[in-house]
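Student: Structure below; questions to follow.
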Amino acid sequence: ELAQGNLGYSISSFPTPVSDRLRSAVPWTIGLLGLTTVISWVLGTLLGAAVGWTGGRSRPLQALVPIALVLYTTPYYILAIILIYLLAFRWPVFPLSGAYSAGAQPEWSLDFARDVIRHGTLPALSIVLVSLGWWFLSMRSLIIAEQGQDYILWAEAKGLPRRRIFWAYALRNALLPQATGLALSLGHIVGGALITEAIFAYPGLGWLIYTSIKGLDYPVIQGGVLLLILSVATANLTID
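For what it's worth, this note's numbering labels the leading residue of the sequence shown as 507, then goes sequentially.
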């Protein structure tokens with residue numbers, strides 16, 4: 507039964523199969539966390555590499571280090587609450603919750619896509635900012651470590667331009683552990699950012715598991731956790 511995808515029936519919405527509820531929630535989580543993970547990884551990697559390579563020669567870039575430390579140590583749900591207060595309550599620029607406006611029907615149209623982007627901006631921003639701090643600090647440390655390697659000193663002794671040394675030598679080698687970290691992060695995407703989705707009532711897998719726990723819907727909880735385990739295991743196997 508399990509191998510055929512039969513996970514039982516949801517208690518709170520019987521007789522809806524658990525697989526149907528998971529199928530409706532997973533695309534929202536993958537869309538939100540997949541995009542935010544890639545964006546934060548690209549920005550954090552490039553900025554961290556630039557700061558690590560320039561050292562103390564660029565004060566504007568060095569000013570990003572304490573900002574990244576603050577972002578990295580801030581829980582994403584605290585940042586989510588701050589963003590809601592500032593951009594949805596104090597200045598109502600974005601909606602408070604949901605993935606699209608009440609009464610709207612999911613469809614392939616430009617208007618619906620704009621509505622989804624507008625509703626997903628705040629949860630995406632809260633995840634991107636926190637993740638950006640980690641990728642930034644990680645890449646900065648890797649680039650600093652790379653500058654002391656023998657092949658970097660050899661390239662400098664040959665008289666190669668620093669820009670070429672950065673792109674062709676330092677960055678390419680420092681990207682290896684960063685790429686591994688990205689793959690692991692993508693494996694956790696299916697699990698969703700449970701607290702963030704709960705705060706914004708975003709209809710992803712995290713929100714589904716949260717509401718299922720509140721409603722004691724054990725089959726859905728088991729199905730969601732199983733899906734999370736399979737996604738992480740698949741990511742680890744792919745990396746190996």
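C-beta: ideal position from N, C-alpha, C; glycine also.
Keep in mind it's a predicted model, so treat the numbers as computed, not measured.
In the DSSP assignment, find the alpha helix (DSSP H) that holds Thr627 and state where it starts and stops.
Tutor: Position 121 of the sequence shown holds residue 627. Its alpha helix (DSSP H) spans residues Leu616 to Glu652.
Student: Specify, as a first and last residue, the run of the alpha helix (DSSP H) that Pro533 falls within.
Tutor: Position 27 of the sequence shown, counted from the start, is the residue given in the question as residue 533. Here the alpha helix (DSSP H) through Pro533 covers Val524 to Thr560.
Student: Following the continuous alpha helix (DSSP H) through Phe706, name the residue where it begins and the one where it ends.
Tutor: For the purposes of this step, residue 706 is taken as residue 200 along the sequence shown, with counting starting at 1. Counting along the chain, the alpha helix (DSSP H) containing Phe706 begins and ends at Leu700 to Phe706.
Student: Look at Gly557 and Arg646 and say whether their C-beta atoms are less than 8 Å apart.
Tutor: On the sequence shown, position 51 is the one that residue 557 refers to. On the sequence shown, position 140 is the one that residue 646 refers to. In the sequence as presented, Gly is not what sits at residue 557; that position holds Val. Yes, the Cβ-Cβ distance between Val557 and Arg646 is below 8 Å.
Student: To the nearest angstrom, how far is the alpha carbon of Ile705 from that of Val634?
Tutor: Position 199 of the sequence shown, counted from the first residue, corresponds to residue 705. Position 128 of the sequence shown, counted from the first residue, corresponds to residue 634. Those two C-alpha atoms are separated by around 16 Å.
Student: With respect to the alpha helix (DSSP H) encompassing Gly729, which residues constitute its N-terminal and C-terminal limits?
Tutor: In the sequence shown, residue 729 corresponds to position 223, counting from 1. Taken as a continuous stretch (DSSP letters only), the alpha helix (DSSP H) holding Gly729 covers Tyr724 to Ile745.
Student: For Arg527, which option in Leu714, Ser615, Gln568 and Ala569 has the closest C-alpha, if you only look at C-alpha atoms?
Tutor: The residue given as residue 527 occupies position 21 in the sequence shown. Closest by alpha carbon: Leu714.
Student: Is the beta carbon of Ala531 less than 8 Å from the beta carbon of Gly729?
Tutor: For this step, residue 531 is matched to residue 25 along the sequence shown. For this step, residue 729 is matched to residue 223 along the sequence shown. Against a cut-off of 8 Å, the Cβ pair of Gly729 and Ala531 comes out as no contact.
Student: Would you mind reading off the limits of the alpha helix (DSSP H) that contains Pro521?
Tutor: By one-based count along the sequence shown, residue 521 stands at place 15. Element bounds for Pro521: n/a, residue is neither H nor E.
Student: Output the boundary residues of the alpha helix (DSSP H) element that contains Glu613.
Tutor: Here residue 613 refers to the residue found at position 107 when the sequence shown is read from its first residue. Unbroken run through Glu613: none, as it is neither H nor E.
Student: How would you label Tyr657, buried or exposed, when you count the other beta carbons within 10 angstroms and need 16 or more for buried?
Tutor: The residue labelled residue 657 in the question sits at position 151 within the sequence shown. Answer is exposed; the Cβ neighbour count stays below 16.
Student: Do you know whose CA, among Glu703, Ala741 and Ser607, lies nearest Tyr582's CA?
Tutor: The residue labelled residue 582 in the question sits at position 76 within the sequence shown. Tyr582 has its Cα closest to that of Glu703, out of Glu703, Ala741 and Ser607.
Student: Between Ser516 and Pro683, is the Cβ-Cβ spacing less than 8 Å?
Tutor: Within the sequence shown, residue 516 is the residue found at index 10, counting from 1. Within the sequence shown, residue 683 is the residue found at index 177, counting from 1. No, Cβ-Cβ distance for Ser516 and Pro683 is not below 8 Å.
Student: Determine the direct distance from the alpha carbon of Ala605 to that of Trp641, and round the result to whole angstroms.
Tutor: The count along the sequence shown starts at 1 and reaches residue 641 at position 135. The count along the sequence shown starts at 1 and reaches residue 605 at position 99. About 27 Å.
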